[in-house]
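Participant: In this note's numbering, the protein residues as written are 7 to 76. In this text, a Cβ means the ideal position worked out from N, Cα and C, and glycines have one as well. Everything numeric in this text was worked out from a predicted model, so none of it was measured. I have a structure here, written as structure tokens, and I will follow up with some questions on it.
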């Protein structure tokens, strides 16, 4: 690829932990799970796993992959 056609896009970090949805899930996940367990109706395992994965998603401290296009 000629140099003048090279990809000039740069990565712009997201800040998912600053969104309203992230804050609500972060603040309410444990109380929600505790209430569900107390009622003997715990959330399905996959629901808890997905919500916890949502909290990690996009946060570089939890891992990332950097790609370079030629």
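#1: Rounded to whole angstroms, what's the CA-CA distance from residue 76 to residue 17? Just pull it up for me.
#2: Quick one: Cα of residue 74 to Cα of residue 25, how far?
#3: For the alpha helix (DSSP H) that contains residue 15, what are its first and last residues?
#4: Could you tell me the distance, in whole angstroms, from the CA atom of residue 35 to the CA atom of residue 57?
#5: Roughly how many angstroms separate the alpha carbons of residue 15 and residue 40, rounded to a whole number?
Facilitator: By the coordinates alone:
#1: 16 Å
#2: 28 Å
#3: Where residue 15 is concerned, there is no enclosing alpha helix (DSSP H), given that its DSSP letter is neither H nor E.
#4: 8 Å
#5: 44 Å
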